[in-house]
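To convert, note that position 43 of the sequence shown is 54 in this note's numbering; the numbers rise steadily by one, no gaps. Comments concern the structure below.
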Amino acid sequence: MRELGVVVFVLLLSTGSTPAASTTDHPSLAEVFAVHFAIGMGVDGADLDDPATWSLVRHHAATVTLENALKPQVVQPAPGRFDFEPADRLVDAARAAGLRVHGHTLVWHRHAPEWLFLDTRGHPAEPAQVLERLRNHITTVVQHFRGRVESWDVVNEALAEGGYGLRDSPWLQALGPDYLIEAFRAAETADPEALLFYNDYDLASRAKREQVLALVERLRAAGVRIDGIGMQGHLSLDWPAIEQLEDSLRAFHAAGLVVRISELDVTVFPRNATTPNHDPYAGGLPEDRQAALARRYAALFAGFVRHRDAIVSVTFWNTHDGRSWLNHHGPHPRTDHPLLFDRDRQPKPAFFAVIEQAAGD
Ligand code: XIL
């Protein structure tokens, strides 16, 4: 009986009971691109708890961004009640694996608890109270992670859709445009060593690029430091043109800012398509779409490498297709395939197309 057990065990080993090649059989994105910029991934507790995914992160990333664990609602769900457990767990695991950590995000209109803006009777709070809460949140969070989190998205998505002025957020309503100055000042005071970023989407659009530059001017005129811009990069196969992206990279670099491509994914669905309530790629991505995604990623990374003087890191949102937020985003959940690794954590043609770009022109 015992011998039979041994034979079965050996057979299982030799036939390879694991589904496919190991996640670490391929060149490491982080190593291949290290001469140009750091490669990162957006991670959550689910990535850490899945050994295959965490080994993918360790092999391919040099830096991680916490996908949700540092958002205000998670960190301070009730006034003065800070819950750092989910973020501490991820930050400590990442650092133990030799990964750098980027903090996302201190100020945002989404995932911000309602109490921030209300008084005890549920009416809009006095501006002085909201300002005190803004400062206290930033100071407490940044000091808690001082020395462990190297850089922060201090403010996320403060610009209006289309880029005409500031978004009409509860922060703007309570404090006026100076809330941005207050936020950057508080972050700098809490950790003078940390790099401070403004993060937003659609920054390849000219209107938004100009608004970002105006915002940077305002911050600098007020004597506060901003080190760089996070260009989220939720892109599609058909948008934006690489030239538009390059115009923004050039403009930010010329303004003395560094750029993080902070949340990169490429949806396989057309941008702004009215989404029919069906799920065409639930069974997998057809070969021609797979090839189109690879071509798109190749063109993007060729552009990033050309602008390596401006770019400090390129972070994917998130680890593999099965973990992409795009599967749940929008009015109709649908199976998307926006990353370099498929649902089995295996590299897709887009992965190999990206690796080839590291050599440059
Ligand atoms: C997304 C996360 O990926 C989701 O898990 C969550 O449900 C919603 O937020 N821009 C940002 C990110 O700055 O924080 C968002 O992340 C994606 C869009």
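Heads up, the beta-carbon is just placed ideally off N, CA and C, and yes, glycines get one too.
State the DSSP-derived secondary structure class of Arg306, mapped to helix, strand or coil. helix
How would you label Gln154, buried or exposed, when you count the other beta carbons within 10 angstroms and need 16 or more for buried? exposed
Does the beta-carbon of Asn167, which I'm using as the reference point, lie nearer than 7 angstroms to any heavy atom of ligand 1? yes
Put Leu23 into one of helix, strand or coil per three-state DSSP. For Leu23, the pLDDT reaches just 41, beneath the cut-off of 50, and the residue's location in the model is therefore unreliable, leaving the point undetermined.
Under a Cβ-count criterion, where at least 16 other Cβ atoms within 10 Å of its own Cβ denotes burial, should Gly109 be classed as buried or exposed? exposed
Is it true that the stretch 68-85 meets the stretch 107-127, where meeting means three or more beta-carbon pairs spaced less than 8 angstroms apart? yes
Where the beta strand (DSSP E) through Thr278 begins and ends: 269-278
Please indicate yes or no: does the CB of Trp328 lie closer than 7 angstroms to some heavy atom of ligand 1? yes
Can you name, in chain order, every residue of its own chain whose Cβ lies under 6 angstroms from the Cβ of Glu161, other than the five neighbours on each side? Arg111
Among the candidates Ala310, Arg354, Pro88, whose CA atom is the shortest distance from the CA of Pro251? Ala310
Once you ignore the five residues that flank Ala233 on each side, which residues in its own chain have a CB closer than 7 angstroms to its CB? Ile192
Thr346 by DSSP, collapsed to three states: which one? coil
In whole angstroms, give me the CA-to-CA distance for Asp221 and Phe93. Per the sequence presented here, residue 221 reads as Glu, with Asp not at that position. Approximately 36 angstroms between the Cα atoms of the pair.
Sorry if obvious, but does the Cβ on Glu78 come closer than 7 angstroms to a heavy atom of ligand 1? yes
Would Ala63 and Arg356 qualify as a contact pair, given that the criterion is a beta-carbon distance under 8 angstroms? yes
Tell me Ser180's beta-bridge partners as DSSP assigns them. According to DSSP, Ser180 bridges with nothing at all.
Mind checking whether the beta-carbon of Gln357 lies closer than 7 angstroms to any heavy atom of ligand 1? no
Taking buried to mean at least 16 other C-beta atoms within 10 Å of its own C-beta, is His348 buried or exposed? buried
Does the beta-carbon distance from Ala262 to Leu207 come in below 8 angstroms? no
For Pro291, the nearest candidate out of Arg319, Ile322, His331, His343 (CA to CA): His343
Given this structure, state the Cα-to-Cα distance separating Asn210 from Asp299, to the nearest angstrom. 33 angstroms
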